[in-house]
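For what it's worth, the working numbering labels the leading residue of the sequence shown as 4, then goes sequentially.
For glycine and all other residues, C-beta sits at the position ideal for the given N, C-alpha and C.
Since we're looking at a predicted model, the values are computed, not measured.
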Amino acid sequence: MLATRWAVKDILDLLRLYQKHYPQPGEEILNKSEEIDLVVLDLLKILYLMEMEAERIRKIVLSLRNFARLDESELKPVDIHEGVDSTLLMGAGRLEVQRADTGN
4 MLATRWAVKD
14 ILDLLRLYQK
24 HYPQPGEEIL
34 NKSEEIDLVV
44 LDLLKILYLM
54 EMEAERIRKI
64 VLSLRNFARL
74 DESELKPVDI
84 HEGVDSTLLM
94 GAGRLEVQRA
104 DTGN
């Protein structure tokens, strides 16, 4: 994600340089520039949401690993609170999806 953010930043910086050094573009370029301004806002929001979801997925994977104890082969005492927290984290994601589907 970080590489994508830097690539987008570099492209936006280049566009701003063109705007600075060519302040009187033709009508076609001006129209396209206005369209791009709207797309840039959407793109930045999308990148932010992707980062948030990637972090949520990372937490879910960690929670699943803790819940299932896949990295341990023998019986050991466990922290029940950690197991409950993992379960709640996984359930919270499902509730968010259901809430989004119903529009609430």
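Helix, strand or coil at residue i [DSSP, three-state]
{"i": "D16", "result": "helix"}
{"i": "Q27", "result": "coil"}
{"i": "D64", "result": "It is Val, not Asp, that sits at residue 64 in the sequence shown. Reduced to three states, the DSSP call for V64 is helix."}
{"i": "K79", "result": "coil"}
Residue i Cβ short of 7 Å to the ligand NAP heavy atom set
{"i": "D13", "result": "Although the ligand NAP was asked about, the structure shown includes no ligands whatsoever."}
Inter-residue Cα distance where the pair is residue i and residue j
{"i": "M27", "j": "L20", "result": "First, the amino acid is wrong: residue 27 is Gln here, not Met. Straight-line Cα distance between these residues: approximately 13 Å."}
{"i": "D88", "j": "D45", "result": "34 Å"}
{"i": "Y25", "j": "I32", "result": "11 Å"}
{"i": "E110", "j": "V64", "result": "The structure shown has nothing for residue 110, since the chain only spans 4 to 107."}
{"i": "R59", "j": "F70", "result": "16 Å"}
{"i": "L18", "j": "D40", "result": "10 Å"}
{"i": "G86", "j": "D16", "result": "46 Å"}
{"i": "S36", "j": "A95", "result": "41 Å"}
Cβ shell of residue i (< 7 Å), same chain only, five flanking positions each side left out
{"i": "I83", "result": "none"}
Own chain, CB closer than 8 Å to residue i, minus 5 neighbours either side, in chain order
{"i": "K62", "result": "L92"}
Proximal residues to residue i (C-beta, below 6 Å), its chain only, five neighbours per side dropped
{"i": "Q22", "result": "none"}
{"i": "P80", "result": "none"}
Counting Cβ pairs closer than 8 Å, one from the segment 36-51 and one from the segment 6-13, do we hit at least three?
yes
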